[in-house]
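In the numbering used here, the protein residues as written are 105 to 262. In this text, a Cβ means the ideal position worked out from N, Cα and C, and glycines have one as well. Remarks on the structure that follows.
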């Protein structure tokens, strides 16, 4: 179990969460794993189950914070840094707002691939989908993000 905790913490390292929040997500992930096992849920790959659960919890935290604050918290705008956002924070907020408009699977794949820089195989394993499906979600998600983030004047011309 300690190896699994270390794996979850390593996955969360690039999440943009503060260390205390990463620990909370790890604890919640371990609790959910334990609850699933006690209910008799068959878990073929414990590591993939834990990774998928942790990633979903992180996305839930991002959405909750963004909803509560009406903007992104500093630790998400600049992962790993404790500085306030720069003048580009409006663009970062627009990006995360657009990510929130994507279907959940597309948002997860785009976030994990482009922001966390995970490999397609890692993302596919974490989300329980094929690598091809993962690539498709990323491509469609990026296309949708481009349309959502296109300036208003450009949207009318196309």
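Might you give, ordered along the chain, the residues of its own chain that have their beta carbon closer than 8 Å to the beta carbon of residue 128, omitting 5 neighbours on each side? none
Closest residue to residue 239 among 251, 254 and 211 (Cα-Cα distance): Checked all of 251, 254 and 211; the closest Cα to residue 239 is 211.
Determine, using beta-carbon pairs with one atom in the stretch 138–151 and one in the stretch 113–123, whether at least three such pairs fall under 8 Å. no
Would you report the Cα separation of residue 115 and residue 255, rounded to the nearest angstrom? 34 Å
Rounded to whole angstroms, what is the Cα-Cα separation between residue 196 and residue 144? 42 Å
7 Å CB neighbourhood of residue 187 in its chain, flanking five on each side removed: With a pLDDT of only 38 at residue 187, under the threshold of 50, the placement of this residue in the model should not be trusted; the figure read from the coordinates follows. Cβ within range, chain order: n/a, list empty.
Does any heavy atom of the ligand MN sit closer than 7 Å to the C-beta of residue 223? This structure simply doesn't include the ligand MN, nor any ligand for that matter.
Quick one: what's got a C-beta closer than 8 Å to residue 152's C-beta in the same chain, skipping five residues either side? 229, 230 and 232
Hey, residue 249 and residue 214: beta-carbon distance below 8 Å or not? Inclusion of residue 249 and residue 214 in the CB contact set at 8 Å is warranted, their separation being smaller than that value.
So, residue 159 versus residue 216, is the Cβ gap smaller than 8 Å? yes
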